[in-house]
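Position 211 of the sequence shown, counted from 1, bears residue number 211 in the UniProt record's numbering, the numbering being contiguous throughout. Just below is one structure, and these are the notes that go with it.
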Amino acid sequence: MAALLFAILQDASVHHRELQPLYTLAATAAYVVLLAVTATTYSQAASLANSTAPLISQSTSSRRLSAGLDWEEQVSLDDAAGVLERLLQPIRQWRPQLQEQLAGLGDAPLTIRQMELELLSQLAVVHTWAATPDGAYCGGRINQQHAAAGRAAFSKALELSDGEFYNAGVLAALSNLLRRTGAEAEGQAALRRAVAAARAAGDSFRELNAASALATAIPGQDGWSYREVEGLVVVMQRCLQDCKPWLPSRLWSNHRESGLCSGCGGHSTELKFCARCRTAQYCSRACQAQHWRAGHKADPRAPASAMGRAAAVVLLAAVGFAALVAAAEFSPNSIPDWVYMGKQRPTAQEDLDFNYQDVAVMNGVGKAYDLVLWGDSLTADMRDWRADAWDDFFPPGELLAQPLGMGGSTVQELAARIIKDGERPDIDPKAIVLWVGTNNVKQPNAKNANPADKLDWLIQWLQHNMPNTKLAVSGLIPNDAKDVGPTNEEYKAMAEARGVLFFDCTEGLDPSDKEQYEDGTHLTRAGQRVWLECMRPAVQPLLAGNATA
1 MAALLFAILQ
11 DASVHHRELQ
21 PLYTLAATAA
31 YVVLLAVTAT
41 TYSQAASLAN
51 STAPLISQST
61 SSRRLSAGLD
71 WEEQVSLDDA
81 AGVLERLLQP
91 IRQWRPQLQE
101 QLAGLGDAPL
111 TIRQMELELL
121 SQLAVVHTWA
131 ATPDGAYCGG
141 RINQQHAAAG
151 RAAFSKALEL
161 SDGEFYNAGV
171 LAALSNLLRR
181 TGAEAEGQAA
191 LRRAVAAARA
201 AGDSFRELNA
211 ASALATAIPG
221 QDGWSYREVE
231 GLVVVMQRCL
241 QDCKPWLPSR
251 LWSNHRESGL
261 CSGCGGHSTE
271 LKFCARCRTA
281 QYCSRACQAQ
291 HWRAGHKADP
301 RAPASAMGRA
311 AAVVLLAAVG
321 FAALVAAAEF
331 SPNSIPDWVY
341 MGKQRPTAQE
351 DLDFNYQDVA
361 VMNGVGKAYD
371 LVLWGDSLTA
381 DMRDWRADAW
391 DDFFPPGELL
401 AQPLGMGGST
411 VQELAARIIK
421 DGERPDIDPK
431 AIVLWVGTNN
441 VKQPNAKNAN
451 PADKLDWLIQ
461 WLQHNMPNTK
471 LAVSGLIPND
481 AKDVGPTNEE
491 YKAMAEARGV
501 LFFDCTEGLD
511 PSDKEQYEDG
521 THLTRAGQRV
531 WLECMRPAVQ
541 PLLAGNATA
């Protein structure tokens with residue numbers, strides 16, 4: 001059986017190299033099956049089980065499953081679902097025998113039930129993505145076959161679950177699938193069940209997760225009583241007081257796409273920005289044309305001249321900050337064309353959904369972050385593993401400090417997230433640390449060029465629009481692909497020129513050290529602690545007087 005599992009997985013890995021992260025998860029599960037079946041003594045089995053625990057803890061994260069993949073262009077979701085289905089078959093077939101073998105392992109890293117639950121959850125997520133290939137809530141086509149398969153996987157997971165804690169998570173994920181495929185009423189019903197399950201399990205995190213998702217799902221006052229809405233707000237407020245200031249969410253919400261049309265003034269969830277000024281937004285081409293004729297053409301925020309844009313770029317001298325090649329002239333009323341974020345792969349979209357949800361709840365309770373760390377997947381990992389590192393350096397009861405990251409984020413995408421796409425809180429954070437640019441350096445092209453120039457513009461925008469917020473810039477950490485030294489020198493010169501704190505925490509980090517780095521770019525929990533041991537005292541000047549407790 002073990003040979004069959006490895007043969008299946010090896011075939012998938014060889015013929016579908018883009019599925020390597022998925023193969024890692026499946027191979028780890030197969031390894032546990034193998035050790036359970038082949039171990040001849042308890043001590044041997046226990047030793048093998050302990051040796052696989054770190055692999056399992058890393059590979060069973062949905063973030064690790066597809067980190068770095070471009071699902072739209074490289075990965076067939078049908079292939080991914082097929083690999084998971086083929087792995088589940090032998091596990092189901094030999095469940096009693098495998099469970100008996102694992103029973104003798106004592107503190108085994110995974111039981112067969114947990115293994116099947118994990119694989120079912122991953123399978124359901126893959127079907128969820130494949131069910132809505134055009135994205136969530138966009139009115140596009142829906143793959144009913146994948147939608148039905150996703151429902152079936154979630155239903156099976158609920159059957160296997162033996163506690164309200166897991167039920168809450170499965171129900172919340174099920175609501176995601178239902179709402180994405182147009183079954184809004186069923187999705188909201190699943191969210192209500194998730195709230196009840198989390199409350200029964202005493203899990204305030206999941207309760208808040210589901211309750212806040214319900215709050216953003218409310219299309220308006222129609223069909224909702226004041227008591228229902230009030231109850232959701234009370235849950236969110238209580239959880240903010242009782243829990244860590246971490247509001248985990250993997251659910252899709254439409255609040256970030258909502259707004260008022262600059263032409264007709266009406267509310268819409270399908271707004272598009274003016275291609276010139278990037279500030280006006282319209283629900284239709286007719287509204288855009290009407291607004292243009294009514295005077296937007298003469299609006300100083302809409303510079304159309306290519307010569308005018310070229311004049312905004314100046315050559316600098318060769319000393320200090322002037323060592324940068326070029327910098328865009330800052331205008332508070334004009335947003336550059338490069339401040340843009342297109343459609344994201346599913347894992348990056350999950351990060352965005354968490355960030356939007358987190359900011360929405362903070363807005364709802366009228367609180368300000370003491371500190372926000374804005375960045376890419378390195379920052380998102382800080383959130384995912386915060387109990388193992390972040391919380392030790394930013395105790396939840398003392399500071400409302402939150403990492404807001406997005407896998408694959410570049411400087412220009414971070415600017416778009418803050419300025420145009422809903423990550424800016426209603427109440428400005430007391431302190432902000434910017435830790436971004438690794439993806440610009442690792443993927444050098446015209447779009448990603450000059451990250452220091454772009455970060456300089458973003459800092460000026462933050463200084464203009466958040467004048468009371470203290471700012472800091474972190475140097476990029478070393479990776480095994482590109483030298484970050486020159487970029488860090490540019491960051492340092494730029495920060496000094498803008499009067500912003502700069503710190504460099506590269507010392508002590510080695511991309512070849514497997515205890516510090518997962519893959520030469522992303523930090524392990526141990527690597528995060530090395531970085532935080534440097535970062536925490538460096539940002540202390542920003543936190544003076546910020547304690548919330």
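Glycine is no exception: its CB is placed at the ideal position from the N, C-alpha and C atoms.
Exposed unless 16 or more other CB atoms sit within 10 angstroms - verdict on residue i
i: residue 540; result: exposed
i: residue 443; result: exposed
i: residue 92; result: exposed
i: residue 402; result: buried
i: residue 398; result: exposed
i: residue 427; result: exposed
i: residue 522; result: buried
i: residue 146; result: buried
i: residue 515; result: exposed
i: residue 336; result: buried
i: residue 464; result: exposed
i: residue 144; result: exposed
i: residue 126; result: buried
i: residue 190; result: buried
i: residue 485; result: exposed
i: residue 479; result: buried
i: residue 358; result: buried
i: residue 96; result: exposed
i: residue 122; result: buried
i: residue 537; result: exposed
i: residue 429; result: buried
Helix, strand or coil at residue i [DSSP, three-state]
i: residue 156; result: helix
i: residue 305; result: Here residue 305 scores only 31 on pLDDT, less than 50, and its place in the model should not be relied on; the value that follows carries that caveat. Reduced to three states, the DSSP call for residue 305 is coil.
i: residue 401; result: strand
i: residue 338; result: coil
i: residue 550; result: The question about residue 550 has no answer, for the chain in this structure spans 1 to 549.
i: residue 131; result: helix
i: residue 432; result: strand
i: residue 446; result: coil
i: residue 88; result: helix
i: residue 286; result: helix
i: residue 472; result: strand
i: residue 331; result: coil
i: residue 459; result: helix
i: residue 176; result: helix
i: residue 379; result: helix
i: residue 467; result: coil
i: residue 439; result: helix
i: residue 150; result: helix
i: residue 211; result: helix
Residue i - containing alpha helix (DSSP H), residue span
i: residue 394; result: From DSSP, residue 394 is part of no alpha helix (DSSP H); its letter is neither H nor E.
i: residue 187; result: 184 to 201
i: residue 362; result: 346 to 365
i: residue 427; result: Looking at the DSSP string, residue 427 is not in any alpha helix (DSSP H), and its letter there is neither H nor E.
i: residue 544; result: Taken as a continuous stretch (DSSP letters only), residue 544 belongs to no alpha helix (DSSP H), as it is neither H nor E.
i: residue 416; result: 411 to 419
Terminal residues of the beta strand (DSSP E) in which residue i lies
i: residue 532; result: Premise fails: residue 532 lies in the alpha helix (DSSP H), 525 to 538, not in any beta strand (DSSP E).
i: residue 375; result: 371 to 375
Query raised in the report: Counting Cβ pairs closer than 8 Å, one from the segment 378 to 386 and one from the segment 412 to 431, do we hit at least three?
Result: no
Requested in this report: Would you mind listing the beta strand (DSSP E) stretches within the segment 475 to 519 that are 3+ residues and don't spill past its ends, in chain order?
Outcome: 501 to 503
Query - Any 3 or more C-beta pairs closer than 8 Å across the segment 431 to 439 and the segment 473 to 485 - result: yes
Report task. Determine, using beta-carbon pairs with one atom in the segment 497 to 505 and one in the segment 529 to 544, whether at least three such pairs fall under 8 Å. Result -> yes
Query raised in the report: Can you find at least 3 beta carbon pairs, one from the segment 440 to 455 and one from the segment 365 to 375, that sit closer than 8 Å?
Result: no
Query raised in the report: Looking at C-beta atoms only, is the number of pairs between the segment 454 to 466 and the segment 381 to 397 that lie closer than 8 Å three or more?
Result: no
Query raised in the report: Can at least three beta-carbon pairs, one atom from the segment 329 to 344 and one from the segment 404 to 413, be found at a separation below 8 Å?
Result: yes
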